[in-house]
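The block underneath contains the structure these notes are about, expressed in structure tokens.
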Amino acid sequence: MIKAVMVMNTQGKPRLAKFYDYQPMEKQQELIRSVFSALSSRAENVSNFVEADAIFGLDSRLVYKHYATLYFVFVFDSSENELAMLDLIQVFVETLDKCFKNVCELDIVFNYSKMQTVLDEIVFGGQVLETSSAEVTKVVEEISKLEAASNAITLVPKTVSSWRGR
Amino acid sequence: MAGSSIMETLFQRTLEDLIKGMRLQLIGESVFISKALEEIRREIKSTDLHTKSIALQKLTYLNSLHAVDMSWAAFHAVECMSSSRFAEKRIGYVAASQSFNESTPVLLLITNQLRKDLTSVNEYEASLALECLAKIGTVDLARDLTPEIFTLLSSSKVFVRKKSIGVTMRVFEKYPDAVRVCFKRLVENLESSDPQSLSATVGVFCELAAKDPRSYLPLAPEFYRILVDSRNNWVLIKVLKIFAKLAPLEPRLAKKVTEPICEHMRRTGAKSLMFECVRTVVESLSVYESAVKLAVAKIRELLLEDDPNLKYLGLHALSIVAPKHLWAVLENKEVVIKSLSDEDANIKLESLRLVMAMVSESSIVEICRVLVNYALKSDPEFCNEILGSILSTCARNFYEIVMDFEWYVSLLGEMSRTPHCQKGEEIESQLIDVGMRVRDARPELVRVARSLLIDPALLGNPFLNRILSAAAWVSGEYVEYSLNPFELAEALIQPRASLLPASIRAVYLQSIFKILIFCVNSYLSQTETLADWEPKVLDSISDLASVRAPIEGECEEAFNPRVLGQPSADNSIEDIGNVDDGDGQTSKFVSFSKNGFTRESIANLLNLVEVAIRPLSRSLEVEILERACNILGLIEVLKREMPAVFQNEKVLEKEELEVLKLIKLMNDAFSEELGPVSVSAQERVPIPDGLVLKDNLADLDEIMGDVKLPSASSFSLESPYYGHRMDPASSNVQSNEDSEASNESMSLLAEHRKRHGLYYLPSEGNGTISNDYPPANDLKSVDTNQDDTEDFVKLTAQSLVSKKKPNYAKPRPVVVKLDEGESVPVVPKKQDSRDDLLSGAVRDILLGDDAEKLSSSIKGKEKVNMDPLDSKENMHDMENSHHRKTTSRRSKQQPHRKERGRTSLEKLGKEKEEHGGKVKSKSSHRHGRQKSRQKAEGSSDVIAQTPVIPDFLL
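For the record, the sequence lines run as chains A and B.
For any residue, its number in my numbering is found by taking its place in the first sequence, counting from 1, and adding 721.
For any residue, its number in my numbering is found by taking its place in the second sequence, counting from 1, and adding 1220.
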């Protein structure tokens, strides 16, 4: 199963951090830091795997991909295939690309919750449930529509009605 | 209130505003965050859910990326979850799944909300609830929501169904009894035509099987069908992972899946699937030669790829295959060795592991030589990896692989000198360990220790301190093997030794003490024996020594007296040596007398040591102070008692005999051999009566708090006393007592050793030293300029392929091993009780399935010896369980089940009474049935261990 997904920039600022087994907040910060220090010491054009046993405990592997200013990191155990995880990062980034049209770091910074929706559609409670980026895009759009609809109905009338209701 | 609510709503900053603001902020991030947090705290209290939810969303963001605590907002999250508007509900759910954990108190409040949303017609709402449950599901939630999950498992909406499949993982883990309800539907999804559900189901089974593969063996036919039919790589990878776990348990299954797996391996274009096939074969099907051959061929393809990922995985697969099929590694050794110089640290590490896997008795010398040269050139981190793996490989199983300890000991010395070496502790312990275990290695060990000790450059490197400490200990303990003890003593008192930390300095001093005793003892016993026969020779020795002494005195910092001494005195000393030989002395003795235990040299040594040690008698460190004073005391005694000896060797009067006795005693104490101590030795010492070991000493501090003195002041107070002692007149009595005391302690030590002799090893093997064997790495030590890689390839070609063992000039020396208690006791792995429960439940269901539909054979077997009563009961229970499965809405809570279990037990009891005599046969029959179940599963012991789960199928 997947233990954690992180997106961080090359300065070590986290842009997304999701842990699938509960970690206390301090621990999360520590993990992010140690992952970053492991990644930043690696040269370009080397393999995308890092031995993560020291950071995440036994039977942990880490796969990362470096796009422009961002690191995409997946941490998982022996129930996942390393190369498949690498492909999954690709799927994740492709989906983001479809959602934002040429995704860049700023898109991710400003659309935090949308990125989270995308990830939630791909990885569910540590398990990969969807590997097709078209399918994910469809669902994400559906959810945004639903959100917009619920907000549009409510925005102006809601405040007034709730005010009147009181 | 209302007004403020509107204002808040209209002017509230959204998450986007927050993020923008943070990017533009000029006041510093933490200040900005605390301001935003203030705002959030205010907004979140709003009665307007919209305002509340936006505030919660901002808080969730800050929590996730900026480590802001949000546990205080748990109730607000629950409120948002209950909103009827999707956007707000979603924010609530995201916040809950991010911040809730087992100990969140409001968790109890969300059960009904989750139930409501799980049954919602809106699939996205159901999905939110499922996601939340998958993340934070607790025992209670899992138990209470099992019926809803069961319904969703057969939902017509794939979007919800796949997530409900995913959530079963968490539900089963938390509440194993959910298996009884949901398992069948989960299995049904294995046959689903929908790829997403199938993929999710296989994923769940992969996780389940990883924890307890045996329980899922009955599902093998389903998995096999998927393996053969599916064309989805993701699904295939997961099925392969399942088979990798199942195959070792059932050889027939392994045989059956081998061919399809090989077929996939040949045909697939996806590297991920190919690699998974390879891994499955090398991990679990390594007995099938043809499959392994194919896998190794595929590994080779991976190794030749340019992509570092594939190369790394190829090496990784090789290291899995290595223990069983070393030929696979040997076939690819060029690649492996080239990879040692790869720029990628992962690849380097993997190839290092593989190189160490190739090591054998015959190749170790060469491989280590090249690796050490390699370590010299690589970056510090990898250098230490290399050294570490050499050390651990060689030390494995009591140096099993090392044939030639002289080589190994000199290798240890060489490794210590590697510039980046940080393995001081390991080298330290191995130097000492080899010294204690391998008698034959001691001469070389002392030689290595000498060369480490006399090098002043090593003293400045803190990583080598521990090694120097070991070297000092070795040189003191095994000084009798030294060619030149004087040189050792000089090395130990060199001025730069003051750079060492106190604890190691103390070891140095103790070693000096031992060396002094040894030298003086050798001298005295020499004069004792020689005095009667060859007075003239001795005169000539002392003459020669007196010639030599000034030279030595001048050049004592050069630490190379061997070279110095040779040109002037060699010939005549050789002569004396011969004379000695004629007198029947051992050859060992010759080498010492060669170095001249003469009156002059001993006196010289004493002076030298005294000058060097004197300042230490004012040291602030207790250990140093004490040991320095011991040495000074000894020197004073010797100086006082010895003049007679020095002046006239022929006359041995009573006094001298006393000195002789004293020195002999101390020498005896020191030459008692130390052996390796078993790790359990301490346990075997009986605890004396009245000794309370487990007393809590915490309150000791309170009592002793004011008694404790700062060590520095207490000892500097005493130093005048020591200074006073230097006055020769008054010191006599003092030092006499002193040495007597130390003498006493020596004998005490000897006595102690004798008494506890059973914990030290009896010496074995013979102590003869043969110097005819040349050190291994002297043979070809100069060809380092060559390219290491090529060199390495060549030598592995030579040494690995040729299977014949090289002819060693001498047999492998004895390595002392304790027969028991030296291996670390292996704690048997205890399975998690929850896992046990889960697998027990799964087994029940699966076997229940079998009993119901497929395996009539097992049932038949049961029927043969089934008495009517039991079969009735069986039927009854079967009905029960069936009933239970269909009427899923009825929640099955723990107390309920227990009650049921009890009632059935009571019923049993009644029946027992009724059928009086039948009881025995019945219970034995139950055993029989259990056995048949075990057979059906191919397991024998696991079931017997499963804890008592009320088993409805019985």
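Just so it is clear, CB atoms sit at the ideal spot from N, CA and C, and this is done for glycine as well.
Spatial distance of residue i from residue j (CA atoms)
i                       : j                       : result
residue 1240 of chain B : residue 854 of chain A  : 29 Å
residue 867 of chain A  : residue 1418 of chain B : 28 Å
residue 784 of chain A  : residue 759 of chain A  : 12 Å
residue 1703 of chain B : residue 1617 of chain B : 32 Å
residue 1538 of chain B : residue 1402 of chain B : 41 Å
residue 1843 of chain B : residue 1726 of chain B : 6 Å
residue 1380 of chain B : residue 1343 of chain B : 6 Å
residue 1355 of chain B : residue 1390 of chain B : 8 Å
residue 842 of chain A  : residue 733 of chain A  : 25 Å
residue 724 of chain A  : residue 1563 of chain B : 29 Å
residue 1438 of chain B : residue 1399 of chain B : 15 Å
Residue span of the beta strand (DSSP E) that contains residue i, given as start and end
i                      : result
residue 787 of chain A : 782-788
Three-state secondary structure assigned by DSSP to residue i
i                       : result
residue 730 of chain A  : strand
residue 723 of chain A  : strand
residue 743 of chain A  : coil
residue 792 of chain A  : strand
residue 849 of chain A  : strand
residue 738 of chain A  : strand
residue 771 of chain A  : strand
residue 869 of chain A  : helix
residue 797 of chain A  : strand
residue 1326 of chain B : helix
residue 1622 of chain B : coil
residue 2150 of chain B : Note that residue 2150 of chain B has pLDDT 45, beneath the 50 cutoff, so the model's placement of it is unreliable and the number below is only indicative. Note: residue 2150 of chain B maps to helix in three-state DSSP.
residue 1857 of chain B : helix
residue 1237 of chain B : helix
residue 1831 of chain B : helix
is_contact[residue i, chain B] using C-beta, thresh 9 Å
i                      : result
residue 779 of chain A : no
residue 887 of chain A : Unreliable placement is indicated for residue 887 of chain A, whose pLDDT of 46 sits below 50; the coordinate value is still reported in the next sentence. So, interface residue.
residue 776 of chain A : no
residue 785 of chain A : no
residue 813 of chain A : no
residue 739 of chain A : yes
residue 733 of chain A : no
residue 858 of chain A : no
residue 789 of chain A : no
residue 743 of chain A : yes
residue 852 of chain A : yes
Contact with chain A by residue i, beta-carbon distance below 9 Å
i                       : result
residue 1738 of chain B : no
residue 1727 of chain B : no
residue 1424 of chain B : yes
residue 1312 of chain B : no
residue 2186 of chain B : Limits of chain B in this structure are 1221 at one end and 2174 at the other, which puts residue 2186 of chain B out of reach.
residue 1436 of chain B : no
residue 1416 of chain B : yes
Integer-rounded CB distance, given that residue j should sit under 8 Å from residue i
i                       : j                       : result
residue 1315 of chain B : residue 1297 of chain B : 4 Å
residue 1850 of chain B : residue 1706 of chain B : At roughly 20 Å, the Cβ-Cβ gap does not stay under 8 Å, so residue 1850 of chain B and residue 1706 of chain B are not in contact.
residue 2057 of chain B : residue 1396 of chain B : 4 Å
residue 1409 of chain B : residue 769 of chain A  : Actually they are not in contact, since the Cβ atoms of residue 1409 of chain B and residue 769 of chain A sit about 33 Å apart, beyond 8 Å.
residue 2034 of chain B : residue 1659 of chain B : 7 Å
residue 1643 of chain B : residue 1604 of chain B : 6 Å
residue 1512 of chain B : residue 1506 of chain B : 6 Å
N- and C-terminal bounds of the alpha helix (DSSP H) containing residue i
i                       : result
residue 777 of chain A  : 774-777
residue 1449 of chain B : 1440-1449
residue 1640 of chain B : Note, residue 1640 of chain B: premise wrong, no alpha helix (DSSP H); not H, not E.
residue 1335 of chain B : 1331-1338
residue 1347 of chain B : 1343-1356
residue 1566 of chain B : 1565-1578
residue 1371 of chain B : 1359-1372
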